[in-house]
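Chains as they are written, first to last, in our numbering: chain A, 186 to 650; chain B, 395 to 602.
Beta carbons: idealized from backbone N, C-alpha and C, even for Gly.
Computed from a predicted model, the values in this text were never measured in an experiment.
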């Protein structure tokens with residue numbers, strides 16, 4: 186890689202050694218781990234008699250399995266997995282944020298908010314949504330458990346050089362739209378494999394004016410377009426976000442770091458292997474209708490007919506999705522009734538997301554018969570929200586205010602769906618059964634989730650009187 | 395790991411596109427702390443349907459899965475690969491794989507082979523017509539053979555070398571320990587470190 190794009194610069198600064206024509210051994214600056222993808226990796230270390238090379242570059246959190254209504258895990262398997270993580274971290278001297286700890290939360294919320302993820306870093310985690318951290322101007326990607334073990338033992342990974350893609354936004358998104366709408370529109374446009382094998386850099390004025398939380402939402406869902414990673418060049422927003430966070434550099438080190446970070450920009454916009462242009466001037470709130478994140482449409486649209494897909498594979502996928510979702514072509518998205526609303530996850534569990542939902546719910550009620558969970562992404566987000574009184578807004582509206590965790594994003598903890606509920610969810614995946622049971626998931630932004638809770642049907646904030 | 399050079403086996407066809415790893419192994423099975431004993435979890439939700447292809451007697455013992463495009467998208471859970479291996483699959487053929495799944499597969503001796511659309515379509519038709527239909531995959535020649543037909547495939551050269559020789563990837567990397575140590579000395583001093591106990595209360599023993 187020649188180093189003309191942000192992605193290439195990030196890659197190059199982590200090359201320990203070129204292994205062959207296509208593969209580099211990369212050094213990992215931060216290894217985030219959680220209870221689900223790590224036990225077998227530690228077991229591997231034990232069997233081979235190896236130790237963790239750099240425990241102080243490793244941080245563990247409990248997130249996927251944790252209940253969000255109490256600090257006690259009732260499920261035996263979940264508890265065993267959490268206990269395994271605690272034992273492994275104690276044995277290998279790794280810092281761990283456990284249930285009930287002030288800093289505990291979803292791994293992709295905790296890393297950035299502690300200032301642990303900084304521009305120029307290479308971050309990995311045994312979790313596909315590691316792409317989130319690219320919002321800070323870092324290279325960040327998800328790996329499997331074998332790679333977790335490899336990083337624990339060597340602090341490196343051998344990775345083939347990916348191609349680079351620019352997603353160039355033109356126009357500014359209208360008021361009433363959020364980062365979630367933008368990324369759903371992107372995935373709807375390019376498909377779930379549209380960025381496969383690529384590192385995406387999001388570019389354009391819309392990105393520059395976007396908050397760090399919004400950038401994290403976008404980068405988070407890069408994996409849903411098949412990308413290895415998504416990233417955004419650091420700027421004043423990035424610096425303002427990082428300044429004074431617990432692990433951010435301070436004093437003279439801050440100045441040194443900023444001088445370095447200022448070089449992390451793409452020098453030659455023509456150097457990308459692929460460029461996708463998306464105009465945001467006409468963007469409106471987006472929702473999903475099917476069973477993968479590429480099945481996204483404006484809320485103003487209707488459920489599509491399978492015949493509208495020219496590609497036979499996509500047509501078959503749409504037919505199957507409609508059957509699973511129990512939807513008829515032509516039904517207006519706004520006419521789809523919802524019985525469960527989930528606000529949270531590594532995609533939309535940050536303070537700005539809770540503020541957006543709180544603004545809409547203030548003085549309103551969740552429709553009777555609709556269950557609404559609001560789950561802060563971390564203990565710090567929870568404290569911040571309570572300082573702002575948001576928890577009172579949610580509770581007054583009739584929503585459940587929960588403890589931090591992955592919660593209803595995936596059917597792994599006690600917040601899983603057991604029936605065939607229809608859920609408006611601010612999470613990232615609408616796969617069959619992802620939220621548990623035969624849950625039918627519609628991916629939405631926090632604002633759309635809140636408006637939907639009020640009306641009991643998919644709705645945008647401007648639909649509310 | 396056992397070296398992988400070639401495999402010949404009976405096939406089973408999964409005619410669904412965009413099969414994500416939540417379908418291959420639902421999240422609730424990801425709570426287990428062993429990489430073994432996961433074959434019961436493979437496609438657990440779909441297998442509740444008696445008509446699901448892996449429930450058919452005539453495909454018992456199949457070792458080659460031929461899947462529609464974009465197989466293994468979504469979650470990075472390596473359990474998806476472990477479950478396929480435990481079920482008995484040695485090879486998965488598709489036109490496209492999710493990146494992380496593909497990497498996980500090759501790390502575990504599950505040969506994920508990408509073939510062109512027409513090759514996969516042909517293999518699917520023939521496998522569906524004849525449950526005893528076999529294919530051979532030769533990693534030394536990078537070639538898939540079925541009857542008189544031959545298709546060559548490309549695969550990451552490093553992954554191929556590791557598989558052919560059955561190498562432990564960590565051991566291979568540790569041969570570069572001196573380079574890793576050199577690199578570490580060059581890292582900027584402001585990069586964060588997290589000593590245990592630095593910012594948090596210690597984990598409590600047990601959760602009851």
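> Which residues in chain A sit within 7 Å of residue 425 of chain B, going by Cβ to Cβ distance?
Replying inline: 250, 262, 263, 266, 597
> From this set, B:471, B:531, B:427, B:484, which residue's C-alpha is nearest residue 419 of chain B's C-alpha?
Replying inline: B:471
> Pick from A:267, A:307, A:292: whose alpha carbon is nearest that of residue 210 of chain A?
Replying inline: A:307
>> Distance check for residue 432 of chain A and residue 572 of chain B, CA to CA, integer angstroms please.
In response: 28 Å
>> Counting only beta-carbon separations shorter than 8 Å, does residue 335 of chain A have a partner in chain B?
In response: yes
>> Is there a Cβ of chain B sitting closer than 8 Å to that of residue 311 of chain A, yes or no?
In response: yes
>> Give me the subset of the region 588 to 618 of chain A whose CB atoms are less than 8 Å from a CB atom of chain B, sorted by chain position.
In response: 595, 596, 597, 601, 614, 616, 617, 618
>> Just verifying my parser: in three-state terms, what is the DSSP assignment at residue 426 of chain A?
In response: helix
>> Between which residues of its own chain and residue 549 of chain B is the CB-CB distance below 7 Å, once the five residues before and five after are set aside?
In response: 536
> In its own chain, which residues sit with a C-beta less than 6 Å from the C-beta of residue 195 of chain A, not counting the 5 before and 5 after it?
Replying inline: 324
> Do you know offhand how far residue 448 of chain B's Cα is from residue 627 of chain A's?
Replying inline: 29 Å
> Who are the near neighbours of residue 393 of chain A in its chain, counting only those whose CB is closer than 7 Å to its CB and skipping five residues on each side?
Replying inline: 420
>> residue 337 of chain A and residue 232 of chain A - do their beta-carbons sit closer together than 8 Å?
In response: no
>> For the region 520 to 547 of chain A, list every residue whose C-beta sits within 9 Å of some C-beta in chain B, in sequence order.
In response: none
>> Could you give the first and the last residue of the continuous beta strand (DSSP E) run that contains residue 226 of chain A?
In response: Note, residue 226 of chain A: premise wrong, no beta strand (DSSP E); alpha helix (DSSP H) at 224 to 233.
>> Going by DSSP, what residue range makes up the alpha helix (DSSP H) through residue 564 of chain B?
In response: 563 to 568
>> For a quick check, are the C-beta atoms of residue 292 of chain A and residue 219 of chain A less than 8 Å apart?
In response: yes
> For the beta strand (DSSP E) that contains residue 402 of chain B, what are its first and last residues?
Replying inline: 400 to 408
> Using the C-alpha atoms, what's the distance from residue 581 of chain B back to residue 501 of chain B?
Replying inline: 29 Å
> From the DSSP output, which residues share a beta bridge with residue 219 of chain A?
Replying inline: A:246
> Where DSSP assigns a beta bridge to residue 545 of chain B, which residues make up the other side?
Replying inline: B:538
> Closest to residue 254 of chain A by CA distance: which of A:607, A:561, A:615 is it?
Replying inline: A:561
> Is residue 328 of chain A close to chain B, meaning its C-beta is less than 8 Å from at least one C-beta of that chain?
Replying inline: yes
> On the three-state DSSP scale, how would you describe residue 456 of chain B?
Replying inline: coil
> Taking a cut of 9 Å between CB atoms, which residues from the region 442 to 473 of chain B lie near chain A?
Replying inline: 462, 463, 464, 467, 468, 469, 470, 471, 472, 473
> If residue 570 of chain A sits next to residue 632 of chain A, beta carbons under 8 Å apart, how far is it from one beta carbon to the other, in whole angstroms?
Replying inline: That belief does not hold up - the Cβ atoms of residue 570 of chain A and residue 632 of chain A are roughly 16 Å apart, past 8 Å.
> What residues in the region 187 to 210 of chain A have a beta carbon less than 9 Å from any beta carbon of chain B?
Replying inline: 199, 200, 201, 202, 204, 205, 206, 207, 208, 210
> Which term fits residue 395 of chain B, buried or exposed, when burial requires 16 or more other beta carbons within 10 angstroms of its beta carbon?
Replying inline: exposed
> With a cut-off of 8 Å, does the C-beta of residue 498 of chain A fall near any C-beta of chain B?
Replying inline: yes
> Using the beta-carbon count (16 or more within 10 Å), is residue 496 of chain B buried or exposed?
Replying inline: buried
>> Check whether chain A comes within 8 Å of residue 493 of chain B, counting only Cβ atoms and requiring the distance to be less than that.
In response: yes
> Closer than 8 Å, CB to CB, is residue 591 of chain B near chain A or not?
Replying inline: yes
> Would you call the CB atoms of residue 260 of chain A and residue 592 of chain A closer than 8 Å?
Replying inline: no
>> Between residue 279 of chain A and chain B, is the shortest Cβ-Cβ distance under 8 Å, so that the two count as touching?
In response: yes
> Since residue 592 of chain B and residue 280 of chain A are thought to touch, with beta carbons under 8 Å apart, how far apart are those beta carbons, to the nearest angstrom?
Replying inline: 6 Å
> If you measure from the beta carbon of residue 564 of chain B to each beta carbon in chain A, is any gap under 8 Å?
Replying inline: yes
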